[in-house]
Amino acid sequence: MPPKHQYPPLYEKLVPVILGILAITLAVLLIGIVVVVLFSGAR
Amino acid sequence: MNAILNFLPFISGTVSFALAAFIFKRYLERRGAHQLLWGIGAVCYGIGSFSEAYYTSFGWNPLAFRLWYLFGAILVAAWLGQGTVYLLAKQKWANVLLVILILGSLYGAFRIFTAELDPAQMLAHPGNTGELSGYAIVTPGVRTLTPFFNMYGTITLVGGAAYSAWLFWRKRVLLHRTIGNILIAVGAMLPAFGGTFSRMGMANLLYLGELIGIVLIFVGFLRATIPLKVAASAQEVAA
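As you go down the protein sequences, you meet chains A and B in turn.
Just so we're aligned: the first sequence equals residues 1 to 43 in my numbering.
Just so we're aligned: the second sequence equals residues 44 to 282 in my numbering.
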């Protein structure tokens with residue numbers, strides 16, 4: 001197990017926000033790909 | 044301005060092969076299957092980018108198009124993502140998925156290299172701003188393969204990197220890997236969004252998205268492999 005630290009305050013606040021945005025964006029992207037599959041079939 | 048933007052795929056290709064060399068060097072030192080697969084993915088990115096660079100410099104060429112479509116549009120995300128699968132999933136499942144990916148890649152290569160092409164279809168398609176697109180493929184069923192590879196690649200590469208970042212953040216360990224994985228996840232998504240904007244008429248954002256994407260992935264890999272000096276203000280606690 002690597003040594004455990006408290007993250008610097010900036011990262012404590014930023015990381016969950018960025019990960020949340022990433023999760024939403026990933027969901028949008030995947031839905032977009034599904035829509036492409038259903039309606040036009042390709043890139 | 045267009046001349047500069049058209050040069051971007053050449054830079055993307057160069058960065059991709061530099062990343063591949065960096066990853067293969069680590070693979071030779073550590074022999075991790077994930078490193079080998081990431082290296083192959085980076086080579087796919089490079090071949091796709093240089094095929095685009097050929098098109099922007101010299102115009103249409105069937106071989107360059109087929110290479111671009113196979114490596115740049117179909118395989119790159121899936122092979123990079125397969126590396127992440129080896130890092131996060133059980134070896135048995137990773138092996139099964141790799142076999143499926145290899146068979147799928149061979150089938151995709153066969154379909155693309157035997158497909159009938161018509162570049163006029165690509166240029167005539169509404170929304171095309173002069174970049175390569177799959178509309179040049181006339182044979183039915185070939186382009187249908189692409190979203191399946193990209194779905195798998197997006198879930199495994201972007202999702203895997205974001206999940207890794209979350210794991211490290213939750214345990215408050217290895218800050219450099221949290222940052223590195225976030226950069227990789229963002230970088231992996233950019234080409235997809237660049238392509239979307241490009242299709243909405245914003246010329247060359249595909250190439251810009253691809254360049255910033257591979258640069259972020261490269262920086263992410265570097266960041267994830269080099270430990271960060273934790274700020275003096277951060278209190279160290281027992282693991």
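We put the CB at the ideal spot given by N, CA and C, even for glycine.
Since we're looking at a predicted model, the values are computed, not measured.
Opening and closing residue of the alpha helix (DSSP H) in which residue i lies
i	result
B/TYR88	76-101
B/ALA120	119-131
B/GLY202	Counting along the chain, B/GLY202 falls outside any alpha helix (DSSP H), and DSSP gives it neither H nor E.
B/ARG266	248-268
B/ALA116	Element bounds for B/ALA116: n/a, residue is neither H nor E.
B/ARG109	105-110
Nearest-angstrom Cβ-Cβ length linking residue i and residue j, presumed shorter than 8 angstroms
i	j	result
B/LEU51	B/LEU254	5 angstroms
B/THR57	B/ILE117	Not a contact, Cβ separation roughly 22 angstroms.
B/GLY124	B/LEU200	4 angstroms
B/ILE257	B/TYR88	6 angstroms
B/MET194	A/LEU30	7 angstroms
B/ALA179	B/THR127	Contact flag wrong, Cβ pair sits at about 31 angstroms.
B/TYR98	B/LEU217	Not confirmed; about 41 angstroms, so no contact.
B/VAL185	B/ALA158	5 angstroms
B/THR260	B/ALA231	Residue 260 of chain B is actually Ile in this sequence, not Thr. The pair is a contact, with the Cβ atoms about 6 angstroms apart (cut-off 8 angstroms).
B/ALA208	B/TYR129	About 18 angstroms separates the two Cβ atoms, so there is no contact after all.
Cβ-based burial, residue i [other Cβ within 10 Å; buried from 16]
i	result
B/GLN78	buried
B/ARG284	The structure shown does not extend to residue 284 of chain B, since chain B is modelled only from 44 through 282, so no value can be given for it.
B/PHE264	buried
A/VAL34	exposed
B/TRP122	buried
B/GLN278	Here B/GLN278 scores only 46 on pLDDT, less than 50, and its place in the model should not be relied on; the value that follows carries that caveat. Classification for B/GLN278: exposed.
B/TYR150	exposed
B/ALA228	buried
B/TRP136	exposed
B/GLY196	buried
A/VAL28	exposed
B/GLU95	buried
B/THR182	exposed
B/THR221	buried
B/ILE83	buried
B/ALA167	exposed
B/LEU62	buried
B/SER276	Confidence in B/SER276 is poor, its pLDDT being 44 and thus under 50, which makes the residue's placement unreliable; the coordinate value appears in the next sentence. With fewer than 16 other Cβ atoms within 10 Å, it is exposed.
B/ALA163	exposed
B/PHE192	buried
B/SER100	exposed
B/ALA46	exposed
A/ILE24	exposed
B/PHE211	buried
Those residues which DSSP pairs with residue i across a bridge
i	result
B/ILE180	B/LEU160
*Determine which residues of the segment 190-206 of chain B have a Cβ less than 8 angstroms from any Cβ of chain C, and write them out in chain order.*
Although the question refers to chain C, the structure presented lacks it and instead comprises the protein chains A and B.
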